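Residue numbers (our numbering): 1130 to 1446. Glycine included, every Cβ here is placed at the ideal spot set by N, Cα and C. Nothing here was measured: the structure is a model prediction, and the numbers come from that model. See structure below.
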Amino acid sequence: MADVAIPRAKPQMSEDNVWTRLKHNRNWLGFWFMVPAMAFLIFFLAYPLGLGIWLSFTDTRIGRVGQFVGTENYEWLWDDSIFWLSVFNTLLYTTVASAIKFAVGLYLALLLNENMPFKAMLRAMVLIPFIVPTVLSALAFWWIFDSQFSIISWSLKHLGLINQNINFLGDTTWARICVIFANIWRGVPFVAITLLAGLQTVSPSLYEAATLDGATRWQNFRFITYPLLTPIIAVVMTFSVLFTFTDFQLIWAMTRGGPVNATHLMATLSYQRAIIAGQLGEGAAISSAMIPFLLAAIMVSWFGLQRRKWQQGENND
């Protein structure tokens, strides 16, 4: 008599089996951990960005729903001399401030990486400009550069170097220098501490081997420190450029974009047109015009890292 195969019922997946699968499938588990962050970014970043781009194609004003006007706002900005002045100011402000912040920050990082007394205290002191609220920093610099009560003018007058106070924030050239200096003072700690963290990952054995081969301090920096620090430099300078390009609080608290629009950045001009003047569509168009510049900065950093292929441990061709 032939054996009859009796079909077996499929066991129901228990709760333990589900958790077992999640433990072994890290990609699936990682996805669910990322969902809250994705929802946060979509709600607070993607939605406002999309809304701003949409408003730039409308004639929306405060208190009135606008109509779709196509590229009319952008055509208006194309012929607006103040807008192009703000573009020039933004590029000048970002380029000069970011370059100096990198040079000073790298020097401080190398200095703080050396063995010196009170090193921990010095590292904490370097962070002070970065942790102070931006508006308080701006108000402090506003008093320092004030045309009547400036401590700089007072000191120079008592030293007999000048006869009258310097109108720092009333002159176009001086105003640009002052806001750039304030941004550098505030941004250097971020660059310095981040690069210092990168220097901590460089193995001392590399320097010991190079020293035994007769390498100088400059050669150690050129062929060991700088190449190994390049990925971190790319990341930190990308953030530095983005923060500087979109700076608003420092400029608005110090100069309101003056004198004669000499310190107006694209961010401050957008606020002035959208909130103060009530032209939300035009202000949104100025903000949207910042996107290509920001994407360009990100792409330069990304392609630079891809070219060097540090993450894969490959040689730079």
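State the DSSP-derived secondary structure class of residue i, mapped to helix, strand or coil.
i       : result
Thr1189 : coil
Phe1197 : strand
Thr1345 : coil
Phe1259 : helix
Thr1302 : helix
Ile1420 : helix
Met1245 : coil
Ser1276 : coil
Pro1177 : helix
Ala1403 : helix
Leu1288 : coil
Ala1166 : helix
Gly1387 : coil
Thr1340 : helix
Val1233 : helix
Ser1332 : coil
Trp1312 : Correcting the residue type first, residue 1312 is Asn in the shown sequence and not Trp. In this structure, Asn1312 counts as helix in the three-state DSSP scheme.
Leu1394 : coil
Thr1373 : helix
Asn1202 : helix
Glu1295 : It should be pointed out that residue 1295 corresponds to Ile in this sequence rather than to Glu. Correct three-state label for Ile1295: coil.
Let's test the definition: count the other Cβ atoms within 10 Å of the Cβ of residue i and tell me whether it reaches 16, buried, or not, exposed.
i       : result
Met1142 : In this prediction, Met1142 has a pLDDT of 49, which is less than 50 and means its spatial position is unreliable; nothing more can be read from the coordinates.
Ser1284 : exposed
Trp1431 : exposed
Trp1272 : exposed
Thr1200 : exposed
Asn1445 : At Asn1445, the pLDDT of 47 sits below 50, so the modelled position is not reliable; the number obtained from the coordinates is stated separately. Asn1445 comes out exposed.
Asn1218 : buried
Gly1289 : exposed
Thr1392 : buried
Gly1313 : Looking at the sequence provided, one finds Ile at residue 1313 rather than Gly. Counting Cβ neighbours within 10 Å, Ile1313 comes out buried, since at least 16 surround it.
Pro1262 : exposed
Tyr1176 : exposed
Leu1180 : exposed
Gln1277 : exposed
Leu1324 : buried
Measuring straight from C-alpha to C-alpha, what distance separates residue i and residue j?
i       : j       : result
Thr1340 : Ser1332 : 13 Å
Asn1156 : Gly1343 : 48 Å
Thr1373 : Ile1380 : 11 Å
Leu1251 : Phe1270 : 23 Å
Ile1420 : Leu1371 : 11 Å
Arg1190 : Gln1408 : 5 Å
Asn1202 : Glu1411 : 6 Å
Ile1236 : Lys1248 : Position check: residue 1236 holds Tyr in this sequence, whereas Ile was assumed. Tyr1236 and Lys1248: Cα-Cα distance of roughly 15 Å.
Trp1183 : Val1194 : 12 Å
Val1164 : Leu1158 : 10 Å
Phe1274 : Thr1224 : 23 Å
Thr1301 : Val1308 : 11 Å
Leu1398 : Gly1386 : 8 Å
Ile1291 : Tyr1222 : 28 Å
Phe1310 : Gln1196 : 42 Å
Ile1404 : Gly1192 : 11 Å
Phe1297 : Val1389 : 14 Å
Phe1447 : Ser1369 : With the chain represented from 1130 up to 1446, any question about residue 1447 goes unanswered, as that position is not in the structure.
Arg1162 : Phe1172 : The amino acid at residue 1162 is misidentified as Arg; the sequence shows Phe. About 17 Å.
Pro1258 : Asn1154 : 45 Å
His1287 : Gly1299 : 22 Å
Ala1396 : Thr1354 : 36 Å
Asn1349 : Glu1243 : 14 Å
Ala1304 : Phe1160 : 49 Å
Leu1174 : Met1167 : 10 Å
Flag residue i as yes when its Cβ comes closer than 8 Å to any non-hydrogen atom of the ligand GTP, and as no otherwise.
i       : result
Gly1289 : The ligand GTP is absent from the structure shown, which contains no ligands of any kind.
Flag residue i as yes if its beta-carbon sits less than 9 Å from any beta-carbon of chain B, otherwise no.
i       : result
Leu1184 : As a matter of chain content, chain B is missing from the structure shown, which is built from one protein chain.
Do the segment 1351-1360 and the segment 1319-1334 touch if we need at least three Cβ pairs shorter than 8 Å?
yes
Is the segment 1225-1244 touching the segment 1401-1416 in the sense that three or more CB pairs, one from each, lie closer than 8 Å?
no
Evaluate the contact criterion for the segment 1198-1209 versus the segment 1420-1428: three or more CB pairs, one atom per stretch, below 8 Å.
no
Assess contact between the segment 1261-1268 and the segment 1276-1291, defined as three or more Cβ pairs (one per stretch) separated by less than 8 Å. Is contact present?
no
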